[in-house]
Amino acid sequence: VVVTGQATTIERRSATTAIAYVTGEEIARVAAPTFENALVGKVSGVNLQANSGAPGGGIQMQIRGNNTILGAFDPLYVIDGVIYSNERIASGRGVVAAAAFATAEDDAVNRVADINPADIASIEILKGAAASSIYGSKAANGVVVITTRRGQPGRARVRVLQRFGQFSPLKTLESRRWTQAEAVEAYGPSVAQWFSQESSPYFNHYDKVFTNRDLSWETGVDVSGGTDNTRYLVAATGKRDAGIEPNTGFSRQGLRINLDQIVSPKFDVKVSSVFNRAEHDRGWNNNCNNFACHGYAFPYTPSFVDLSRRDENGNFIKPDWGIDANSIQTTDLAVNSEETNRFTGGATLNYNAIASDRQSLRFVVGGGLDAFQQNNAIWTPNELFFEVPQALPGEAIERNGLSQFFNWNANVVHTLRPGAGSWSATTSLGTQYEDRQLRTSSIRTQNLVPGQRNVGQGTITVGTENLSQERTFAMYGQEELRLLDEKLLVQAGLRAEKSSVNGDIDEYFIFPKLSASLRLLNLLGAGSEIKPRIAYGETGNQPLFGQKFTLLGTPLLGGQQGFTVAGASGNPEVEPERVKEIEVGLDGFAIGNRLTWEITGFRRNTTNLLLLRVPAPSTGFTSQVFNGGKIENKGLEIGLGYTPVQTASTQWVSRATYTKYSNEVLDLAGLPPFRPNLSGFGGLGVTFIKVGQPVTQLVGRSYDENGVRTTATDIRIGNTAPDFRMGFVNDIRFRAVDLNVVFDYQRGGSIINLTQFLYDDAGTPEDFGTEAYDVRYKGYTDGVMVPYIEDATFLKLRELSVGVRIPDSMLRGLNWGVDDARISLTGRNLISWQKYSGLDAEVANLGSAAIRNNLDVAPYPPSRSIFLNISLGF
């Protein structure tokens, strides 16, 4: 079944919209840091990309294109009926590292990384507006509905999972090889110490720094069972992913308890609860203008330098090659750690007031709490080479975040079935309430006492604190009509919603939907089915907290506290953005269900966009958020499945997905073209919003037909959106042996290789002196980024699993009480074929954003993983 409302579901074969569905088995088969990693290549209409190779998360999920410019861009996550926060809280590393965008370049973890993939029973992704409109003004970017595993009636079952594995670099970069004469000419006579009479040394700094191959592991134990009236599942997990950079990695521990209780023939209760603890050590990568980050320092550290060399006292040798940094010293001494503790719990109460052959009446009440506390600690001690020249050497940052999401809903569901059974009608009505709160605080200390990391032990201390709180109340109604012996399904719904983030907190905004599907039987042979469907829906995207307020500063004036008005004017009339979408599709199966297909085309317009304008100078304000403008997304999604072999001993199931979408700015409400937030670094290529162009276009200077640099800086030089993406999944079983393979293919898209730009700036690229280098260097000196815009096409072997089930006869002979045992060898991201010359075509230095910029600036390198897995059932 698939979700159709707050308290209703239908069989997937009757669905009126495209809903991606993935089982928990597919998610947990191959070890993955997060469930998002395990989704890649398995669903259509969804673009999943990591921001870097750092361990433990940092992935952006984008459903059906770019639906906003300034608004929220994440999907809504719902787990067992509880709304789940995917907040990103910056660590503060970018502040210490002098990053251009101190918060955005932190490579923050998105908090759905706290979800244990092994807990998941299924994932449904509501992609279209008609499917997600029941969730109102938080569903413009889609809804991800996660159901966790539950106990089943029967004796107590124990399952044990043990994994051991290792991570290793998928790719590293090379740099220029030097002769002693070239080195002395470039860096001065002091660098002669790095050379010997016999040879010119060469050290790959990636191979020197990203050396960690520690054992990674995961352990899971769960107990489940129950009676017809009481069912339970208790699951405990622990894991450690060791990063390829020393002192980096990701750990997670969790305890889940799910209970189902039938209190009486009419009343039942479901309870879900989980506590997770996660630790992230993300290392020192991305853009750091003080060379604290490894990939930024490597281009300016010539390859004849051995970063691991120490003097007679065991200290790192002071740099003499032009920068104040040694990446191995940074790895050894600097701290960038994060700890999160999280509880998520909810309950659903179901009362069957009437249950007869002709009608039923149910009352359903549900609610829950999702709360986490995150702590980040940054420490760069005084002796670090990049701290020594600072006016206030030695820094520490302590950051804390506290998030609380509370929601409840109350529903009544009535189903009418006439005696003939040729049609039925299901009516559902309900209300929903949400309270979301996020509190963050930060203390930064400089000029620390040597050896101290306490934020109270510096001479300059700055503290900040922020609090946001949002409340939303909604009412909805929905009707489902099943006609023509349940072959025709018609759905209509309406949601009325008000929120504290809107300008008028008492105004209700209406989000309608209407959809239909018709099942046509046996047109392609006995047992076949073709289902055309059509849907229209509207969803919204709430204003961000504070956009309706004019903020006040609190400076000291003459030693007294005072107030000043900020430059940004609040808008008391701000409203949600609105997504209007029409979707058509054709689903079906044939050849005894061995051939399946799902084809969907959509066109969606985001209207009432949140945009930024400059008010009249007489107002005294420099900016104000307002509603206006329109962008369009349209696309095609295809899912195909075929079972070429199906016998008693052998089964081969092959599936493929295809996703293609495009976008265009249709209207900007009179605004001139502009750079959106986090568009990039000025003349180094930026995203640019302009009517008639895609929101994902990259602009900059270029060359005209005569090879002369253009004076215009808004020439289109690329597009960060891919032409299309495809996934290929093959599951093969032969007797007790199974083989599972997942390939992920992306065609097109542009990426800005600023890592290559850094090597060229330093004069240290591997191809120094070649024709390719000369072309790039001309662009570098002319301020033209075209040579650094590269094709992001790739093909990746995302998953490979080979497993065997131990025969029952062997298990009985062991007499260990084991009745099910499997051993498998699995790998993730084993091979990558790409045109891109950098580390990975899937990076975003500025992190997740409404408009992804695909900036490559010295990211944490990508890694492959291989695990041995042992699963035992008792």
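Numbering (my numbering), first residue to last: 418 to 1291.
The C-beta atom is built at its ideal place from N, Cα and C for all residues, glycine as well.
Proximity to residue i [Cα-Cα], best of the options
| i | options | result |
| --- | --- | --- |
| Leu938 | Ala913, Glu914, Ala909, Glu903 | Glu903 |
| Thr748 | Asp774, Gly700, Phe733 | Gly700 |
| Ala437 | Ala1189, Glu1122, Glu1015 | Glu1015 |
| Ala557 | Val1201, Asn1022, Gly1290 | Asn1022 |
| Thr1024 | Gln477, Leu465, Ala435, Asn484 | Asn484 |
| Tyr649 | Val686, Arg580, Val872 | Val686 |
| Ala432 | Ala1209, Gly739, Asp1004, Asp1155 | Asp1004 |
| Leu846 | Ser617, Ala933, Phe1291, Asn828 | Asn828 |
| Glu955 | Gln423, Pro929, Glu815, Arg856 | Pro929 |
| Pro1034 | Ala985, Glu998, Thr1013, Glu1000 | Ala985 |
| Lys997 | Ala983, Ala952, Arg1011 | Ala952 |
| Gln423 | Phe1043, Gln790, Arg912 | Arg912 |
| Phe1284 | Asp1225, Gly1220, Val1154 | Gly1220 |
| Arg1142 | Phe715, Val463, Arg429 | Val463 |
| Gln791 | Tyr768, Gln776, Leu809, Arg816 | Arg816 |
| Ile496 | Val691, Gln614, Leu905, Ser681 | Val691 |
8 angstroms contact criterion, which residue i and residue j should meet: CB distance rounded
| i | j | result |
| --- | --- | --- |
| Asn1246 | Ala1261 | The Cβ separation is near 17 angstroms, so there is no contact. |
| Thr1128 | Val1274 | Not confirmed; about 27 angstroms, so no contact. |
| Gln461 | Gly1018 | Sequence inspection shows Ser at residue 461; the Gln mentioned does not correspond to that position. Not quite, the Cβ-Cβ distance comes to about 12 angstroms (not below 8 angstroms), so this is no contact. |
| Pro570 | Thr644 | 6 angstroms |
| Glu914 | Ser554 | 6 angstroms |
| Ile540 | Ile427 | Between Ile427 and Ile540 the Cβ distance is about 18 angstroms, and since that is not below 8 angstroms, they are no contact. |
| Ser720 | Tyr619 | 5 angstroms |
| Ala695 | Ser668 | 7 angstroms |
| Arg446 | Ser1071 | Arg446 to Ser1071, Cβ: 16 angstroms. No contact. |
| Leu961 | Glu994 | Not confirmed; about 11 angstroms, so no contact. |
| Ile500 | Ile537 | Wrong, their Cβ atoms sit about 17 angstroms apart, outside the cutoff. |
Whole-angstrom distance between residue j and residue i, CA atom to CA atom
| i | j | result |
| --- | --- | --- |
| Thr981 | Val1112 | 36 angstroms |
| Gly441 | Ala535 | 7 angstroms |
| Asp1198 | Tyr1190 | Going by the sequence as given, residue 1198 is Thr instead of Asp. Whole-angstrom Cα-Cα distance: 12 angstroms. |
| Tyr717 | Val752 | 23 angstroms |
| Gln863 | Gly458 | 46 angstroms |
| Ala471 | Ala530 | 13 angstroms |
| Asn919 | Thr971 | 25 angstroms |
| Val575 | Ser820 | 34 angstroms |
| Thr565 | Arg528 | 17 angstroms |
| Phe803 | Val1001 | 58 angstroms |
| Arg580 | Asp639 | 15 angstroms |
| Ser585 | Arg630 | 7 angstroms |
| Arg779 | Gly838 | 20 angstroms |
| Gly1290 | Thr1076 | 39 angstroms |
| Gly1117 | Arg1193 | 15 angstroms |
| Tyr893 | Glu924 | 15 angstroms |
| Tyr1087 | Gly488 | The amino acid occupying residue 1087 in the given sequence is Gly; Tyr does not appear at that position. Gly1087 and Gly488: Cα-Cα distance of roughly 19 angstroms. |
| Thr857 | Gln610 | 49 angstroms |
Cβ shell of residue i (< 6 angstroms), same chain only, five flanking positions each side left out
| i | result |
| --- | --- |
| Ala909 | Glu896, Leu931 |
Beta-carbon proximity list for residue i, same chain, < 7 angstroms, skipping 5 on both sides
| i | result |
| --- | --- |
| Asp1084 | Gly1046, Lys1047, Val1108 |
| Val1031 | Thr1039, Ser1040 |
| Pro492 | Met478, Ile480, Asn558, Gly559, Val560, Val561 |
| Ser739 | Per the sequence shown, the amino acid found at residue 739 is Gly instead of Ser. Taken in chain order, the residues that qualify are Tyr604, Tyr717. |
| Thr596 | Ser617 |
| Asn664 | Asp698, Thr748 |
Exposure label - residue i; buried when at least 16 CB within 10 Å
| i | result |
| --- | --- |
| Lys1252 | exposed |
| Leu587 | buried |
| Gly511 | buried |
| Glu1216 | buried |
| Asp787 | buried |
| Phe760 | exposed |
| Val722 | buried |
| Ile1169 | buried |
| Gly959 | Note that residue 959 is Gln in the sequence shown here, rather than Gly. It is buried - the Cβ of Gln959 has at least 16 other Cβ atoms within 10 Å. |
| Asp524 | buried |
| Asp658 | buried |
| Ile795 | buried |
Residues near residue i by beta carbon distance below 8 angstroms, same chain, minus five either side
| i | result |
| --- | --- |
| Ser1249 | Leu587, Lys588, Phe1211, Leu1212, Lys1213, Leu1214, Asp1257, Pro1279 |
| Ser1066 | Phe1151, Arg1152 |
| Asp1184 | Tyr1190 |
| Ala764 | Val686, Lys687, Val688, Ser689, Gly783, Gly784, Gly785 |
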